[in-house]
Ligand SMILES: N[C@@H](CCC(=O)N[C@@H](CS)C(=O)NCC(=O)O)C(=O)O
């Protein structure tokens with residue numbers, strides 16, 4: 060996206076002159092017109108005003124910058140003052156459409172928190188650029204900067220979820236023991252489900268199409284992924300969500316990975332609790348919306364054109 064630099068985020072001012080946003084631009088329009096834009100889509104005028112435009116609250120609604128530029132542009136053009144009101148979002152998220160990359164997006168959409176998003180383009184190796192690695196020494200996504208907390212930077216998706224949960228007091232169980240349990244399952248996701256399913260995907264969807272077929276590695280990671288999904292299935296017995304009745308950051312961390320079982324080519328046959336949990340989260344509008352930001356990748360979830368998606372995905376890495 061346009062202002063993918065630390066310098067960009069430092070130009071924020073608050074507060075600025077007010078603007079009248081035409082009431083005939085309803086929130087619904089923002090949502091239905093939503094499309095992910097890369098900078099080539101944006102008119103030049105919007106690119107140069109992206110920082111301002113992305114912060115106009117329409118009708119008091121909350122929106123995320125990345126998918127509303129077209130409408131914001133129209134609103135800005137229609138406004139008499141041509142000077143947007145800036146309500147600076149605390150959270151600036153740097154991410155891409157991957158299982159780890161979606162975790163903070165799911166949190167922010169579920170929590171209805173205003174945020175800004177900079178799309179990190181793997182094709183251009185933006186995650187390894189000097190400015191980005193000053194934020195994330197690991198050179199991977201996601202990363203957040205909390206402008207509301209002295210530009211505090213958080214990397215590692217599990218740590219980001221924990222930070223957001225504490226900041227917004229959402230999606231974290233109450234009580235010392237329950238929190239420890241949540242942390243245990245978050246660690247289980249970060250050290251087990253993520254890396255093992257990630258390797259299962261890597262060997263089948265990236266290495267193999269590039270001519271590096273390794274059946275031993277594929278078998279090992281697919282079998283280990285299945286074993287880990289069985290652990291989840293047991294944990295879900297008698298529960299709606301992983302921690303009980305409530306949706307928490309453990310579900311947020313686990314879902315994009317576990318739900319990508321078609322992409323990892325891992326069977327969930329006979330894992331009925333897990334499948335019921337998939338159905339439950341498949342029907343959460345905010346989570347499903349998050350999986351389209353910055354860009355949808357339906358083939359991860361067993362939908363859409365697998366061959367084209369595999370080629371596109373392989374070209375990113
Ligand atoms: N443990 C890290 C892993 C992050 C990670 O591996 N991100 C991947 C996308 S899912 C990435 O940035 N890949 C690009 C690269 O390796 O250069 C986290 O959970 O944040």
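In the numbering used here, the protein residues as written are 60 to 376. Every residue gets a Cβ at the ideal spot worked out from N, C-alpha and C, and that includes glycine.
By the three-class DSSP mapping on this structure, what secondary structure does residue i have?
i: residue 175; result: strand
i: residue 364; result: coil
i: residue 122; result: Note that residue 122 scores a pLDDT of 37, beneath 50, so its modelled location is shaky; the value from the coordinates is reported in the next line. Correct three-state label for residue 122: coil.
i: residue 205; result: strand
i: residue 213; result: strand
i: residue 381; result: Beyond the ends of the chain as shown, which are 60 and 376, falls residue 381; an answer cannot be given.
i: residue 353; result: coil
i: residue 87; result: For residue 87, the pLDDT reaches just 24, beneath the cut-off of 50, and the residue's location in the model is therefore unreliable, leaving the point undetermined.
i: residue 310; result: helix
i: residue 228; result: coil
i: residue 107; result: Any reading at residue 107 must be qualified, since the residue scores a pLDDT of 44, below 50, and its modelled position is unreliable; no value is offered.
i: residue 93; result: In this prediction, residue 93 scores a pLDDT of 28, lower than 50, which makes its location untrustworthy; no coordinate-derived value is stated.
i: residue 143; result: Bear in mind that the predicted position of residue 143 carries a pLDDT of just 40, short of 50, making it unreliable; the figure below should be weighed with that in mind. If DSSP states are grouped into helix, strand and coil, residue 143 belongs with coil.
i: residue 253; result: helix
i: residue 181; result: helix
i: residue 346; result: helix
i: residue 339; result: helix
i: residue 262; result: helix
i: residue 324; result: coil
i: residue 295; result: coil
i: residue 82; result: Unreliable placement is indicated for residue 82, whose pLDDT of 38 sits below 50; the coordinate value is still reported in the next sentence. Residue 82 falls in the coil class under three-state DSSP.
i: residue 376; result: coil
i: residue 330; result: coil
i: residue 315; result: helix
i: residue 116; result: Residue confidence is low: residue 116 scores 41 on pLDDT, short of 50, so the model does not pin down where it sits. Its coordinate-derived value is still stated next. Coil, per DSSP.
i: residue 169; result: helix
i: residue 234; result: coil
i: residue 284; result: helix
i: residue 100; result: Any reading at residue 100 needs caution, since the residue's pLDDT is 35, under 50, leaving its predicted position unreliable; the model's value is listed next. Coil at residue 100, not helix or strand.
i: residue 270; result: coil
i: residue 188; result: coil
Please state whether the Cβ-Cβ distance between residue i and residue j is less than 8 Å.
i: residue 332; j: residue 295; result: yes
i: residue 220; j: residue 352; result: no
i: residue 217; j: residue 249; result: yes
i: residue 163; j: residue 154; result: yes
i: residue 222; j: residue 233; result: no
i: residue 288; j: residue 267; result: no
i: residue 354; j: residue 168; result: no
i: residue 206; j: residue 149; result: yes
i: residue 313; j: residue 330; result: no
i: residue 322; j: residue 359; result: yes
i: residue 339; j: residue 299; result: yes
i: residue 342; j: residue 356; result: no
i: residue 247; j: residue 311; result: no
i: residue 161; j: residue 315; result: yes
i: residue 159; j: residue 251; result: no
i: residue 276; j: residue 227; result: no
Comparing the C-beta of residue i with each C-beta of chain C, is any distance below 8 Å?
i: residue 362; result: No chain C appears in the structure shown, which is made up of a single protein chain.
Got a sec, what are the start and stop residues for the beta strand (DSSP E) residue i sits in?
i: residue 152; result: 150 to 154
What are the boundary residues of the alpha helix (DSSP H) that includes residue i?
i: residue 199; result: No alpha helix (DSSP H) holds residue 199; DSSP gives it neither H nor E.
i: residue 359; result: Taken as a continuous stretch (DSSP letters only), residue 359 belongs to no alpha helix (DSSP H), as it is neither H nor E.
Inset, instruction - State whether the region 165 to 174 contacts the region 318 to 330, with contact taken as three or more CB pairs (one from each stretch) at a distance under 8 Å. - result: Under the three-pair Cβ rule at 8 Å, the region 165 to 174 does not count as touching the region 318 to 330.
Inset, instruction - Taking 8 Å as the threshold, find out whether the region 366 to 376 comes into contact with the region 177 to 186 through three or more Cβ pairs. - result: yes
Legend entry - Stretch pair the region 185 to 201 + the region 256 to 272: three plus CB contacts closer than 8 Å: no
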